[in-house]
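In our numbering, the protein residues as written are 29 to 123.
Each remark here refers to the structure printed beneath this line.
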Amino acid sequence: MVLTGLWVSKYGYQVTDSDSGKSETAFIMGTDDEMVDPVYIQELEHLARESVVRGWKREKPVPHTPEQRRDLGGSLQDISSSLAYRKENNHARWW
Numbered sequence: 029m030v031l032t033g034l035w036v037s038k039y040g041y042q043v044t045d046s047d048s049g050k051s052e053t054a055f056i057m058g059t060d061d062e063m064v065d066p067v068y069i070q071e072l073e074h075l076a077r078e079s080v081v082r083g084w085k086r087e088k089p090v091p092h093t094p095e096q097r098r099d100l101g102g103s104l105q106d107i108s109s110s111l112a113y114r115k116e117n118n119h120a121r122w123w
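Following this line, the structure appears as structure tokens:
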């Protein structure tokens, strides 16, 4: 994951992941005096990148479409309820 950042407005900092192509703008609120201090701005950029990455990690994966499930061999429910699966795996029960 390679992150790049770009100020798109006075308070908007756009974070882009060049590997996946994701991009999101984090809005940073601060006073005019704070926004001219280079050390403070670097800290704000770091915090913006961290918050965007945390948001990306919370995203749920996109579920498979029916076509993709067929390519994978069926849904898990279809596979586990099939007769071949039950014949192969029911012998391992301990109860």
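Glycine included, C-beta positions come from ideal geometry on N, C-alpha and C.
As the structure is a prediction and not an experimental result, all values here were calculated from the model.
Determine, using beta carbons only, whether residue i and residue j come nearer to each other than 9 Å.
i     : j     : result
Thr53 : Val43 : yes
Val81 : Leu31 : yes
Which same chain residues end up closer than 7 Å to residue i when comparing Cβ atoms and leaving out the 5 residues on each side of it in sequence?
i     : result
Glu62 : Tyr68
Which one of the options has the shortest CA to CA distance from residue i?
i      : options             : result
Met135 : Lys85, Tyr39, Ser37 : This structure leaves residue 135 out entirely; the chain is present only between 29 and 123.
Lys50  : Glu95, Glu87, Thr93 : Glu87
Once you ignore the five residues that flank residue i on each side, which residues in its own chain have a CB closer than 8 Å to its CB?
i     : result
Glu71 : none
To the nearest angstrom, report how far apart residue i and residue j are at their CA atoms.
i     : j     : result
Val36 : Asp60 : 16 Å
Gly40 : Ile56 : 6 Å
Ser79 : Ser48 : 17 Å
Thr93 : Gly83 : 24 Å
Val64 : Glu95 : 53 Å
Arg77 : Asp45 : 10 Å
Gly58 : Lys38 : 10 Å
Could you name each continuous beta strand (DSSP E) segment of 3 residues or more that falls completely within the stretch 45-98, going from the start of the chain to the end?
-> Scanning the stretch 45-98 from its first residue to its last, the whole beta strand (DSSP E) runs of 3-plus residues come out as 51-55.
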